[in-house]
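Asks: One structure, as structure tokens, below. Some questions next.
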Amino acid sequence: MPLRPLITALTLTFAATLSAQNPKTMAEMHALHTNPEAYIKALEDPERDKYQKPHEVMTALGVKDGEVIADIGAGSGYFSLRLARHVGTTGHVYAVDVSPDMTRHLNERIRDAKLLNISTILAKPDDPLLPRPVNRFLIVDVWHHIADQSAYLALMKKSLTPGGEVVMIDFKKEELPVGPPLNMKIAREDLIAQMQAHGFTLAKEHTFLPYQYFLVFNAK
74 MPLRPLITAL
84 TLTFAATLSA
94 QNPKTMAEMH
104 ALHTNPEAYI
114 KALEDPERDK
124 YQKPHEVMTA
134 LGVKDGEVIA
144 DIGAGSGYFS
154 LRLARHVGTT
164 GHVYAVDVSP
174 DMTRHLNERI
184 RDAKLLNIST
194 ILAKPDDPLL
204 PRPVNRFLIV
214 DVWHHIADQS
224 AYLALMKKSL
234 TPGGEVVMID
244 FKKEELPVGP
254 PLNMKIARED
264 LIAQMQAHGF
274 TLAKEHTFLP
284 YQYFLVFNAK
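Each position in the sequence shown, counted from 1, maps to that position plus 73 in the working numbering.
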């Protein structure tokens, strides 16, 4: 490839990756979700670790051997693969996503990692299509994408084992250097009220993430 087109291509890819971390408009958000290569690069960008703090999140979750966990909006597997390494051989992770591109990409990663305790689910936007009850739902930076949240919460509640948890990690509703446009963000207080209205209680909150709230709910 001649030098100028190569530089242009690299510049566009880099710009798309930066936009994926902080899309300014709904149009940019839509464009990112139709560019899986750039979106995957953004999700797996090492810079993400600085604010997402995956090691600290996994420690706070305290995942136990034998747990069955659904990672809703699993994307490239950023958390799904980590969860699979904590649930042990008797546990299982369901990596749920509505994108065929993301699901194919994650299937490749699962195969390459030779993990047998994780399955992808190409789900419907309004139904995770889980094959069995789970001990825990993990929902990271995804809740604002779900259109009928009330119906989704009802399905989740039916899919939880007794004593099960719903973990919500999402961006604070303020101007941030990363995350979706401000009008798409859900305020912490609004999410807590929504969860309580659907029969969930706030059991725990972690405050070490710089840009996100980290809430753990139990079903009543």
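Note that the Cβ used here is the ideal one computed from N, Cα and C, for glycine as well.
Remember, predicted model here, so these are calculated numbers, not experimental data.
Nearest to T280 by alpha carbon, out of V130, E247, V169, G236?
Replies: Looking up residue 280 in the sequence shown gives position 207. Measuring from the Cα of T280, the nearest candidate turns out to be V130.
Asks: Excluding the 5 residues preceding and the 5 following G164 in the sequence, name in chain order all residues of the same chain whose CB lies nearer than 7 Å to its CB.
Replies: Here the question's residue 164 lines up with position 91 in the sequence shown. D138, G139, E140, V141, N190, listed in sequence order.
Asks: Are the beta-carbon atoms of V251 and T234 separated by less than 8 Å?
Replies: Walking along the sequence shown from the start, residue 251 turns up at place 178. Walking along the sequence shown from the start, residue 234 turns up at place 161. No, the pair does not count as a contact, with Cβ atoms beyond the cut-off.
Asks: Here's a check: name, in chain order, each residue in its chain whose Cβ is nearer than 7 Å to the Cβ of I113, leaving out the five neighbours to either side.
Replies: The count along the sequence shown starts at 1 and reaches residue 113 at position 40. The answer, listed in chain order, is S149, H178.
Asks: Are L228 and I145 close, meaning C-beta to C-beta below 8 Å?
Replies: Translated into the one-based positions of the sequence shown, residue 228 becomes position 155. Translated into the one-based positions of the sequence shown, residue 145 becomes position 72. Contact check for L228 against I145 fails: the beta carbons are separated by 8 Å or more.
Asks: Restricting to Cα atoms, I'd like to know which of Y284, V166, P173, L154 is closest to D185.
Replies: Within the sequence shown, residue 185 is the residue found at index 112, counting from 1. That would be L154, whose Cα lies nearest to the Cα of D185.
Asks: Using a threshold of 8 Å, state whether the C-beta atoms of I242 and D214 are closer than that.
Replies: Residue mapping note: residue 242 aligns to position 169 of the sequence shown, counting from 1. Residue mapping note: residue 214 aligns to position 141 of the sequence shown, counting from 1. Against a cut-off of 8 Å, the Cβ pair of D214 and I242 comes out as a contact.
Asks: Can you find the residues in the same chain that come closer than 6 Å, C-beta to C-beta, to H271, ignoring five residues on each side of it along the sequence?
Replies: Here the question's residue 271 lines up with position 198 in the sequence shown. L226.
Asks: Output yes or no for whether 8 Å exceeds the beta carbon distance between P253 and H217.
Replies: Here residue 253 refers to the residue found at position 180 when the sequence shown is read from its first residue. Here residue 217 refers to the residue found at position 144 when the sequence shown is read from its first residue. Cβ distance < 8 Å, so P253 and H217 count as in contact.
Asks: Please report the Cβ distance between L255 and L288, rounded to the nearest whole angstrom; I am assuming they are in contact, meaning their Cβ atoms lie under 8 Å.
Replies: For this step, residue 255 is matched to residue 182 along the sequence shown. For this step, residue 288 is matched to residue 215 along the sequence shown. Actually they are not in contact, since the Cβ atoms of L255 and L288 sit about 20 Å apart, beyond 8 Å.
Asks: K197 and V171 - do their beta-carbons sit closer together than 8 Å?
Replies: Counting from one through the sequence shown, the residue named residue 171 turns up at place 98. Counting from one through the sequence shown, the residue named residue 197 turns up at place 124. Yes, these two residues count as a Cβ contact at 8 Å.
Asks: Among the residues of its own chain, which have a CB less than 6 Å from the CB of I183, if the five just before and after it don't count?
Replies: Taking the sequence shown and counting its residues from 1, the one referred to as residue 183 is at position 110. I191, listed in sequence order.
Asks: Of the choices A220, M257, L249, P204, whose alpha-carbon is the least far from that of K231?
Replies: Taking the first residue of the sequence shown as position 1, residue 231 is located at position 158. With distances taken between Cα atoms, K231 lies closest to P204.
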